[in-house]
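Numbering-wise, the sequence shown is residues 1 to 448 according to UniProt numbering.
Structure record follows, encoded as structure tokens.
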Amino acid sequence: MVFYITGEVNKNIYDFINEQQVFKKGIKPYITADLFLNFIKKELRNLEVDYLIIDLLVLQLDEPMMIEEAIEAFKVLNKKGTIVISAVGEDEERREVWRTYCNNRYEFLYQEENLEEEMFKLLNHSTEELVIDNQSEELKNDDKETVKRTQIKKKVTKSNKEESTQLVKEESSKIEDSQPEGISPDKLYHKANVKVKTNDGQAISKNNSLMNEDQYKSVVNDKVVEEVINIPKKNKVITLDEYLLKNCKDKDETINWKCNNIFIGIVGTERKVGTTLASIQMANALAATSAKVSYTETNTHNHLQLIANEYIMEQIEDHYYKNSVSYYLDKKFDIEAKYNFILFDLGAINERTDWIIRIIEELINEVILVAGCKPYEQKALKYALSKLQGKNLHLLCNNATLEEYEQMNMLYNSDKVKCIEYKNETDLFSKNNWLDNISEILQEYRTE
Numbered sequence: 001m002v003f004y005i006t007g008e009v010n011k012n013i014y015d016f017i018n019e020q021q022v023f024k025k026g027i028k029p030y031i032t033a034d035l036f037l038n039f040i041k042k043e044l045r046n047l048e049v050d051y052l053i054i055d056l057l058v059l060q061l062d063e064p065m066m067i068e069e070a071i072e073a074f075k076v077l078n079k080k081g082t083i084v085i086s087a088v089g090e091d092e093e094r095r096e097v098w099r100t101y102c103n104n105r106y107e108f109l110y111q112e113e114n115l116e117e118e119m120f121k122l123l124n125h126s127t128e129e130l131v132i133d134n135q136s137e138e139l140k141n142d143d144k145e146t147v148k149r150t151q152i153k154k155k156v157t158k159s160n161k162e163e164s165t166q167l168v169k170e171e172s173s174k175i176e177d178s179q180p181e182g183i184s185p186d187k188l189y190h191k192a193n194v195k196v197k198t199n200d201g202q203a204i205s206k207n208n209s210l211m212n213e214d215q216y217k218s219v220v221n222d223k224v225v226e227e228v229i230n231i232p233k234k235n236k237v238i239t240l241d242e243y244l245l246k247n248c249k250d251k252d253e254t255i256n257w258k259c260n261n262i263f264i265g266i267v268g269t270e271r272k273v274g275t276t277l278a279s280i281q282m283a284n285a286l287a288a289t290s291a292k293v294s295y296t297e298t299n300t301h302n303h304l305q306l307i308a309n310e311y312i313m314e315q316i317e318d319h320y321y322k323n324s325v326s327y328y329l330d331k332k333f334d335i336e337a338k339y340n341f342i343l344f345d346l347g348a349i350n351e352r353t354d355w356i357i358r359i360i361e362e363l364i365n366e367v368i369l370v371a372g373c374k375p376y377e378q379k380a381l382k383y384a385l386s387k388l389q390g391k392n393l394h395l396l397c398n399n400a401t402l403e404e405y406e407q408m409n410m411l412y413n414s415d416k417v418k419c420i421e422y423k424n425e426t427d428l429f430s431k432n433n434w435l436d437n438i439s440e441i442l443q444e445y446r447t448e
């Protein structure tokens, strides 16, 4: 596997690797020495990474030596892994510092126009070295009995050699009587004892055949005849990731978004209807389409801190980061970061009605109202709709049966209210429910 740690600027420049290798990316806004070490230990510890490409643009290090601890941790996990430092787009001064540092240590790439050629050259060269190493290892572990016979042969005395030669001549005399006229015992002796090549440590008998790629040479009456044969190829053992990459269509749809700082407000009709779950799953679905996304907790329940601790989110100064989504506590958000979408988890509308209505009127571009579909949940829904009257919103019918959804659609669907069917998934970071809905809900913000 090839794993690429990068930021938004260079996130697509190595996508051509997908043609030959299993290729994964970790997109980060920036990486310090501590964050890099933490990422290696937690995110890569269960992955078999052959090549780790590090985008120099996301590394915030005072000097190159600060990377060594993380690299050492990577080498412990992947002993034969190759480190590649990518300096595409970096300024010349910093690029030269890193080029000097990487000399004879790590691979270094920086020319974007020759990037594909240089990368494939590196991948192919490393593969050849691996084959040579494997062949050397096989030779070292050759048949012990063969080695033993070789050692004994060296200890044979001159008299033993003479006895052995005499035995061979006697055997050759017996063979002579059964051979056609014109073939001498000496010729038979040399033919029977000629040195032959080996294949994977196993001797190939010349009396049967000598194989050379697609051909073999058969010895017939002291004449060489070439015959073409088809050598069956050994089935290639592949990983599950490779199979999925080659044979299974990825469900994620990459979308070109033409927007910045679109505010999406997710509000629940009441507590426990799944507002936070739907918010985080929507953020992950948007990130899966290549959108730059942030999530802000604006309610008073402080669930995000518990989630960050439980799911081991990466802390970056004033926010958390996981699966390409930035998570902010305490109503904070970064309007200068140029996110495509900023999601606000507003909580239940019946808890802070006036404050939520004000946020929606002053700031929110798209409103998603999360509602339960059971009869006892309709009172809270009607209250929320009365407070949001006249506003365009998407009504998320959470975990509804087909009959319940059809009923909700019949009762509430209008020019202002569009119903969304949504199945509740227990995986907090699942994106499957939103992938089919995002294109319709956010159609006006995408590039055709």
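Yeah, the Cβ is synthetic: ideal placement off N, Cα and C, and Gly gets one too.
Check	Outcome
Nonlocal neighbours in the same chain, by C-beta distance under 6 Å from His-394, ignoring five residues either side	Ile-368, Lys-418, Ile-420, Ile-441
Whole-angstrom distance between Glu-366 and Lys-382, CA atom to CA atom	20 Å
From Phe-108, Phe-429, Glu-19, residue whose alpha carbon lies closest to that of Gln-281	Phe-429
Neighbour-count burial assignment, residue 482, 16 or more Cβ in a 10 Å radius	Outside the modelled stretch of the chain, which goes from 1 to 448, sits residue 482, for which no answer is possible.
Cβ-Cβ distance between Asp-334 and Tyr-327 below 9 Å	no
For Arg-446, three-class secondary structure by DSSP	strand
Buried versus exposed, by CB contacts within 10 Å (16 or more), Ser-294	buried
Element boundaries [beta strand (DSSP E), containing His-303]	Unbroken run through His-303 is the alpha helix (DSSP H), 303-310; no beta strand (DSSP E).
Nearest neighbour of Arg-94, chosen from Lys-121, Phe-120, Glu-72, Leu-61 [CA to CA]	Leu-61
Same chain, Cβ closer than 6 Å to His-301, five either side skipped, listed in chain order	none
Within 9 Å, strictly: CB atoms of residue 451 and Met-1	There is no way to answer for residue 451, as the model of the chain reaches only from 1 to 448.
Endpoints, the beta strand (DSSP E) within which Lys-322 is located	319-322
Cβ-based burial, Met-410 [other Cβ within 10 Å; buried from 16]	exposed
Straight-line Cα distance separating Glu-361 from Met-66	48 Å
Where Tyr-4 sits in the DSSP three-state scheme	strand
Local Cβ density within 10 Å of Ile-27, reported as buried at 16 or more and exposed below that	buried
Beta carbon of Leu-343 nearer than 9 Å to that of Ile-255	no
Neighbour-count burial assignment, Val-224, 16 or more Cβ in a 10 Å radius	With a pLDDT of only 45 at Val-224, under 50, the local geometry of the prediction cannot be trusted, and the value read off the model is given with reservation. Val-224 comes out exposed.
Environment of Leu-240 [buried if 16+ CB atoms lie within 10 Å]	exposed
First and last residue of the uninterrupted alpha helix (DSSP H) at Ser-439	432-441
Same chain, Cβ closer than 8 Å to Glu-377, five either side skipped, listed in chain order	Thr-269, Glu-270, Val-273, Ala-371
4 or more residues per run - each alpha helix (DSSP H) lying fully within the stretch 30-83	33-43, 68-77
Assigned exposure category for Lys-251 - 16 Cβ within 10 Å defines buried	Reliability of the predicted coordinates at Lys-251 is poor, the pLDDT of 49 falling under 50, and the value obtained from them is presented with this limitation in mind. Classification for Lys-251: exposed.
Three-state class that DSSP yields for Cys-373 in the structure shown	coil
Under 9 Å between C-beta atoms of Leu-52 and Asn-10	no
Close Cβ partners of Phe-108 (< 6 Å) along its chain, the five nearest in sequence each way excluded	Ile-85, Arg-99, Cys-102
Alpha carbon of Val-58 to alpha carbon of Ala-384, nearest angstrom	44 Å
Residue range of the unbroken beta strand (DSSP E) whose run includes Ile-266	262-268
Three-state secondary structure assigned by DSSP to Glu-425	coil
Minimum length 4: unbroken alpha helix (DSSP H) runs contained in the stretch 357-423	378-387, 402-412
Where the alpha helix (DSSP H) through Leu-277 begins and ends	275-288
Cut-off 6 Å between Cβ atoms - residues of its own chain near Lys-332, not counting five sequence neighbours on either side	none
Close beta carbons around Tyr-106, own chain, < 6 Å, minus the five adjacent residues each side	Ile-83, Ile-85
Boundaries of the beta strand (DSSP E) in which Thr-100 is found, first to last residue	Run containing Thr-100: none in the beta strand (DSSP E); it sits in the alpha helix (DSSP H), 92-102.
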